[in-house]
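Visitor: Below: one structure in structure tokens.
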Amino acid sequence: MQGVNQLDTPGTAYDDPVLGKDPQPAHMRKYVDGADDNGGVHINSRIPNRAFCLSATQIGGFAWTLTGRIWYRALKGKLFPKAGFQDFANATVSAAGELAGIGGSVQITIANAWSEVGLHVPVSLTRSGRSGGNPPRTAGSAANA
Numbered sequence: 234m235q236g237v238n239q240l241d242t243p244g245t246a247y248d249d250p251v252l253g254k255d256p257q258p259a260h261m262r263k264y265v266d267g268a269d270d271n272g273g274v275h276i277n278s279r280i281p282n283r284a285f286c287l288s289a290t291q292i293g294g295f296a297w298t299l300t301g302r303i304w305y306r307a308l309k310g311k312l313f314p315k316a317g318f319q320d321f322a323n324a325t326v327s328a329a330g331e332l333a334g335i336g337g338s339v340q341i342t343i344a345n346a347w348s349e350v351g352l353h354v355p356v357s358l359t360r361s362g363r364s365g366g367n368p369p370r371t372a373g374s375a376a377n378a
């Protein structure tokens, strides 16, 4: 429907003879890369928005009860300056594991939503947000002793 800018249907906000068609992509294969819009930060924002919408719809209930908490946890404590979409996808799947169980239906739902927008995340993420395996070694860690 023209004029309805729903999160699950990016690129449908407008189709205007003067402005053209809404260019917001719904999938990473149509990611806009370039110098405009600070590297596409606004035009591409509908990709993670769509992943949120798909997750919240599948999980059900009010978006702020669980899906919103997962996104908030990822934004608040799992990202770093210059984090990209894949980093954010990994962070939300990790946060879902922490809040609703690693390998559980909520974590799988969020991983599937990211896959639907072109970002693949294994559901076996550990609490740190890294995929399986041993934690990285540091100079002061017991693993190096």
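So the sequence shown is numbered by my numbering: it starts at 234 and just counts up by one. Just so you know, even glycine gets a beta-carbon here, dropped at the ideal spot from N, CA and C.
If I measure Cβ to Cβ from residue 371 and keep anything under 7 Å in the same chain, skipping five residues before and after, which residues do I get?
Guide: Residue placement at residue 371 is flagged as unreliable, the pLDDT there being 29, under the threshold of 50; the coordinate-derived value follows with that caveat. Counting only Cβ-Cβ distances below 7 Å, and skipping sequence neighbours, we find nothing.
Visitor: Should residue 354 be labelled buried (16 or more other beta-carbon atoms within 10 Å of its own) or exposed?
Guide: Under this definition residue 354 is a buried residue.
Visitor: Quick check on residue 244: does DSSP put it in helix, strand or coil?
Guide: In this structure, residue 244 counts as coil in the three-state DSSP scheme.
Visitor: Can you tell me whether residue 254 is helix, strand or coil according to DSSP?
Guide: Note: residue 254 maps to strand in three-state DSSP.
Visitor: Do residue 282 and residue 264 come within 7 Å of each other at the CB atom, strictly closer than that value?
Guide: It is not a contact, given that the beta carbons lie outside the stated cut-off.
Visitor: Just to check my reading of the structure: residue 328 and residue 303 have Cβ atoms closer than 8 Å, yes? What is that Cβ distance to the nearest angstrom?
Guide: At roughly 5 Å, the Cβ-Cβ gap stays under 8 Å, so residue 328 and residue 303 are in contact.
Visitor: Less than 8 Å between the CB atoms is what I'm expecting for residue 287 and residue 346, so what's the real figure, rounded?
Guide: Indeed, because the Cβ distance is near 4 Å, the residues count as touching under 8 Å.
Visitor: Going by alpha carbons, who is nearest to residue 258 out of 315, 241 and 298?
Guide: Of the candidates 315, 241 and 298, the one whose C-alpha sits nearest the C-alpha of residue 258 is 241.
Visitor: Around the C-beta of residue 337, are 16 or more other C-beta atoms found within 10 angstroms, so that it is buried, or is it exposed?
Guide: Answer is exposed; the Cβ neighbour count stays below 16.
Visitor: Going by C-alpha to C-alpha distance, which of 317, 341, 350 and 289 sits closest to residue 274?
Guide: Answer by Cα proximity: 317.
Visitor: Could you spell out where the alpha helix (DSSP H) holding residue 264 opens and where it closes?
Guide: Taken as a continuous stretch (DSSP letters only), residue 264 belongs to no alpha helix (DSSP H), as it is neither H nor E.
Visitor: Taking the alpha helix (DSSP H) that residue 301 falls in, what are its first and last residues?
Guide: Its alpha helix (DSSP H) spans residues 300-310.
Visitor: Note down, in chain order, each residue of its chain lying with its Cβ closer than 6 Å to the Cβ of residue 296, except the 5 sequence neighbours on either side.
Guide: Correct list, in chain order: 289.
Visitor: Comparing alpha-carbon positions, which option in 245, 299 and 261 lies nearest residue 330?
Guide: Ranking 245, 299 and 261 by Cα distance to residue 330 puts 299 first.
Visitor: Are the CB atoms of residue 280 and residue 356 nearer to each other than 7 Å?
Guide: It is not a contact, given that the beta carbons lie outside the stated cut-off.
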